[in-house]
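So the protein lines, in turn, are chains E and S.
Residue 10 is where the first sequence starts when you use the numbering used here, and the numbers rise one by one after that.
Residue 10 is where the second sequence starts when you use the numbering used here, and the numbers rise one by one after that.
Each residue gets a CB set at the ideal place from its N, CA and C atoms; glycine is no exception.
These notes concern the structure reproduced below.
Number of protein chains: 2
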Amino acid sequence: MKYPVIAEHVKRYVSPKPKDIDLLQSFLNEVSMDKGTFLLQPGTHVRHEYFVVEGCLKAYYLDENGSSHIIQFAVEDWWIGDFDAYFNEIPSRLYIESIENSRLLSISYENLQILYEKSPVYERYFRLLITNAFISQRKRILSTLEKDTKARYLEFCTSYPNIENRVPNYDIANYLGVSPENLSRVRRSLKS
Amino acid sequence: MKYPVIAEHVKRYVSPKPKDIDLLQSFLNEVSMDKGTFLLQPGTHVRHEYFVVEGCLKAYYLDENGSSHIIQFAVEDWWIGDFDAYFNEIPSRLYIESIENSRLLSISYENLQILYEKSPVYERYFRLLITNAFISQRKRILSTLEKDTKARYLEFCTSYPNIENRVPNYDIANYLGVSPENLSRVRRSLKS
């Protein structure tokens, strides 16, 4: 098997038959990225979803004033892409940039549709993943409405285990919607 | 058929066989709610998801200071429930309250699992719905980060067509995270 890591991930959620795993494997392509390069930029026609084998990425967009807003990080075993652009057939508004040298597996949307048709076990796999993503995102909304910086940072560390030392402080602050100075103060207080 | 409205909704997303529709119908129960009553309150053990046949509801929670934060509205053809509480087997933190007299169809999570096993077409149906919900929620996060009240209100009117005259101004303001006075001003300016 070329890519055992993604097979393991699938088996954590559903019970694929060997032929289901073989079909998925046949649709995957390997993508290597150097730190600081882009997987996606605004205006791109979105054609793939990506599974992270190794590395760390961030998805963000720039507002009218040129300020960036991070909406997702992805590390090992996460999927990343731009659903909105794909489903609604509009150009992407997102940047997806690697924070570390990264290795990804890509699947085209055309092949994903074939996968759903031929191996319905992946309907369930992606239904469960997107449900988890929906729940995390809802927690983030609640968190923004309610919590102070410390509580939000601790929740971030739970949602993204071990990422807090891999992502720059200013990127985490941006994601949480707080100032980098404020976040640094909170992180120091947690260490002491 | 007892509940044609939900069958029509399913057919908008997937191609069920008559037996798939029959199975779903056999699992549904009708729920009537008077305006101002609760479908769910914090601490409840969540056992059902609900499809709105007629009416309007809001899902919200109270923070430590007793302030309410609305996270979702539901009108005809929307599903509402508390995924987080169900999937993670924790008590609900949400209130779900009817804003109008409402008629809903409920399905228990146990029956939903049977539905997935016996009629995999519903794996796809719910995958597509949750993907749409994920995209709307992401837009809401972007919107909160970026846009002013007017742009947010117009986006709200697009996401929830025709709901703007059914929900009190203060509930919409709460959902958008702006003051009711600010929203009233914006709405007046749009009418003139």
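Among the options, nearest to residue i - alpha-carbon criterion
{"i": "Pro177 (chain E)", "options": "E:Asp157, E:Gln50, E:Glu109 and E:Met10", "result": "E:Glu109"}
{"i": "Gly202 (chain S)", "options": "S:His78, S:Thr53, S:Asp72 and S:Ser76", "result": "Residue 202 (chain S) falls outside the range modelled here, since chain S spans only 10 to 201, and no answer is possible."}
{"i": "Val40 (chain E)", "options": "E:Thr140, E:Ser117, E:Arg196 and E:Arg194", "result": "E:Ser117"}
{"i": "Leu192 (chain S)", "options": "S:Pro170, S:Asp157 and S:Asn97", "result": "S:Asp157"}
{"i": "Lys20 (chain E)", "options": "E:Glu106, E:Ser201 and E:Leu137", "result": "E:Leu137"}
{"i": "Phe92 (chain E)", "options": "E:Ile139, E:Glu164, E:Arg194 and E:Arg161", "result": "E:Ile139"}
{"i": "Asn97 (chain S)", "options": "S:Leu49, S:Arg56, S:Pro13 and S:Glu164", "result": "S:Arg56"}
{"i": "His18 (chain E)", "options": "E:Val62, E:Asn171, E:Tyr169 and E:Arg194", "result": "E:Val62"}
{"i": "Asn38 (chain E)", "options": "E:Tyr12, E:His78 and E:Asp29", "result": "E:Tyr12"}
{"i": "Ser77 (chain S)", "options": "S:Val84, S:Tyr104, S:Glu85 and S:Trp87", "result": "S:Tyr104"}
{"i": "Phe165 (chain S)", "options": "S:Leu114, S:Gln81 and S:Asp31", "result": "S:Gln81"}
{"i": "Ala83 (chain E)", "options": "E:Leu32, E:Asn74, E:Gly45 and E:Glu106", "result": "E:Glu106"}
{"i": "His175 (chain E)", "options": "E:Ser145, E:Leu121 and E:Lys44", "result": "Correcting the residue identity first, residue 175 (chain E) is Arg in this sequence and not His. It is E:Lys44."}
{"i": "Gly186 (chain S)", "options": "S:Asp29, S:Asn141 and S:Ile79", "result": "S:Ile79"}
{"i": "Ser115 (chain S)", "options": "S:Leu48, S:Ser188 and S:Asp29", "result": "S:Leu48"}
{"i": "Pro170 (chain E)", "options": "E:Asn74, E:Asp72 and E:Trp87", "result": "E:Trp87"}
For residue i, the first and last residue of its enclosing beta strand (DSSP E)
{"i": "Ser111 (chain S)", "result": "Ser111 to Ser117"}
{"i": "Lys67 (chain S)", "result": "Leu66 to Leu71"}
{"i": "Ile105 (chain S)", "result": "Tyr104 to Ser107"}
Residue span of the alpha helix (DSSP H) that contains residue i, given as start and end
{"i": "Glu190 (chain E)", "result": "Pro189 to Lys200"}
{"i": "Gln81 (chain E)", "result": "Counting along the chain, Gln81 (chain E) falls outside any alpha helix (DSSP H), though it belongs to the beta strand (DSSP E) covering Ser77 to Ala83."}
{"i": "Lys28 (chain S)", "result": "Pro27 to Phe36"}
{"i": "Tyr59 (chain E)", "result": "Counting along the chain, Tyr59 (chain E) falls outside any alpha helix (DSSP H), though it belongs to the beta strand (DSSP E) covering His57 to Glu63."}
{"i": "His18 (chain S)", "result": "Pro13 to Tyr22"}
{"i": "Asp93 (chain E)", "result": "Phe92 to Phe96"}
Residue environment, residue i, which counts as buried when at least 16 other CB atoms sit within 10 Å
{"i": "Phe8 (chain S)", "result": "Here chain S comprises residues numbered 10 to 201, so residue 8 (chain S) is not present and cannot be evaluated."}
{"i": "Ser111 (chain S)", "result": "buried"}
{"i": "Glu58 (chain E)", "result": "buried"}
{"i": "Gln50 (chain E)", "result": "exposed"}
{"i": "Ser101 (chain E)", "result": "buried"}
{"i": "Ser198 (chain E)", "result": "exposed"}
{"i": "Glu190 (chain E)", "result": "exposed"}
{"i": "Met42 (chain E)", "result": "buried"}
{"i": "Ile15 (chain E)", "result": "buried"}
{"i": "Arg194 (chain E)", "result": "exposed"}
{"i": "Phe60 (chain E)", "result": "buried"}
{"i": "Asp31 (chain S)", "result": "exposed"}
Tell me whether the stretch 122-135 of chain S and the stretch 18-28 of chain S touch, counting them as touching only if at least three CB pairs, one residue from each stretch, are closer than 8 Å.
Inter-segment contact for the stretch 122-135 of chain S and the stretch 18-28 of chain S is present: three or more beta-carbon pairs are separated by less than 8 Å.
Does the structure place the stretch 167-181 of chain S close enough to the stretch 63-77 of chain S that three or more beta carbon pairs sit under 8 Å?
With the cut-off at 8 Å, the stretch 63-77 of chain S and the stretch 167-181 of chain S touch.
Taking contact to mean 3 or more Cβ pairs, one atom from each stretch, closer than 8 Å, check whether the stretch 111-127 of chain S and the stretch 158-172 of chain S are in contact.
Pairwise C-beta distances place the stretch 111-127 of chain S out of contact with the stretch 158-172 of chain S, as fewer than three of them are shorter than 8 Å.
In chain order, which alpha helix (DSSP H) runs of at least 4 residues are fully inside the stretch 118-188 of chain E?
The qualifying runs are 118-127, 130-155, 158-168 and 178-185.
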